[in-house]
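Numbering (my numbering), first residue to last: -15 to 310.
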């Protein structure tokens, strides 16, 4: 279902700081997203927004019951490929919680999956785009575990020696995922191998790598940034240790990144200095430039490029959610 909002920028104010945002790919509900908030009170921590054609605005529709989601989730994402009449999303935290959103916008908890041997919380997760039954999460004991959402079973666990800050599945493989970790390490793990870990990059001076984003348009491209936050490094998986390019973000500290869902040359960057930028990555020996720049009233905690509506970017900015037209 395609819609064309009249406005190029829509926003929704919240009561608490917004930590993350995720777009839905459900075909009958345009521009639906979920966002999570941080609060130390007993209240809801996750809400769903969607676009209302009649008013040309975004509005909050529903949230899970407080007893179904008692803590702020470490991550929350809609399934990349809806396969039923209901939309599905998962949250990580004290466990992996699977929720369903009905056509009447009722949210129900379907299942909670706990690690059978690790009592520690899961720090985040990523869906597998090649096989939407699979997701991978990481825990405080530096292990990554692949789960099958359909069978509710853990299928694989790989332990690393370094603290993990982020992980993403390879867009064209259900067996490979990337890990950003402490001491500046960017690694690829292959669940089919006896020695599953391959080092792709180590940042100079070894500051921790905080996030990574894997291009779905060109799976040879991975972007990452360190705790210094002064640049984004783009790697070619075919050329370990040789950055394809480095985007130097002057006078800004990078906080989040996400690739365009339709172009391997466009990368969205959010900063703690209140900016959302779309950078165009040009061939070697040409200067990269910013295609779009939006200034907010607060730090940017998350950005997410919509797959179902690729001309829209969602941004979590301080205590607000923004829809930005590219």
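The beta-carbon is built from N, C-alpha and C at its ideal position, and this holds for glycine as well.
Residue interval of the beta strand (DSSP E) (run including residue i)
| i | result |
| --- | --- |
| residue 298 | 296 to 301 |
| residue -5 | -7 to -3 |
| residue 154 | Careful: residue 154 lies outside any beta strand (DSSP E) and carries neither H nor E. |
| residue 70 | Unbroken run through residue 70: none, as it is neither H nor E. |
| residue 137 | 137 to 143 |
| residue 132 | 127 to 132 |
| residue 10 | Note, residue 10: premise wrong, no beta strand (DSSP E); not H, not E. |
CB of residue i within 7 Å of CB of residue j, strictly
| i | j | result |
| --- | --- | --- |
| residue 152 | residue 162 | yes |
| residue 19 | residue 36 | no |
| residue 42 | residue 83 | no |
| residue 292 | residue 5 | no |
| residue 195 | residue 257 | no |
| residue 32 | residue 46 | yes |
| residue 219 | residue 184 | yes |
Minimum Cβ-Cβ distance from residue i to chain D less than 7 Å
| i | result |
| --- | --- |
| residue 144 | Protein chains in the displayed structure number just one, and chain D is not present. |
Residue i, DSSP secondary structure in three states
| i | result |
| --- | --- |
| residue 166 | helix |
| residue 52 | helix |
| residue 215 | strand |
| residue 15 | coil |
| residue 199 | coil |
| residue 83 | strand |
| residue 34 | strand |
| residue 22 | coil |
| residue 255 | strand |
| residue 226 | coil |
| residue 245 | coil |
Nearest residue (CA-CA) to residue i, options the options
| i | options | result |
| --- | --- | --- |
| residue 96 | 77, 113, 86, 85 | 77 |
| residue 252 | 278, 98, 229 | 278 |
| residue 280 | 295, 305, 289 | 305 |
| residue 170 | 27, 138, 159, 206 | 206 |
| residue 178 | 203, 141, 202 | 141 |
| residue 75 | 50, 89, 51, 30 | 30 |
| residue 204 | 259, 186, 227 | 227 |
Chain-order list of residues whose beta-carbon lies under 8 Å from that of residue i (same chain, five-residue window excluded)
| i | result |
| --- | --- |
| residue 145 | 126 |
| residue 134 | 117 |
| residue 120 | 109, 110, 112, 128, 129, 130, 131, 151, 153, 161 |
| residue 100 | 138 |
| residue -7 | 278, 306, 307, 308, 309 |
Nonlocal neighbours in the same chain, by C-beta distance under 6 Å from residue i, ignoring five residues either side
| i | result |
| --- | --- |
| residue 71 | 8, 10, 85 |
| residue 62 | 6, 8, 73 |
| residue 230 | 215, 217 |
| residue 354 | An answer regarding residue 354 cannot be provided, because it is not within the stretch -15 to 310 covered by the chain. |
Own chain, CB closer than 7 Å to residue i, minus 5 neighbours either side, in chain order
| i | result |
| --- | --- |
| residue 22 | 0, 1, 3, 56 |
| residue 200 | 113, 155, 243, 245 |
| residue 191 | 168, 210, 211, 212 |
| residue -11 | 35, 40 |
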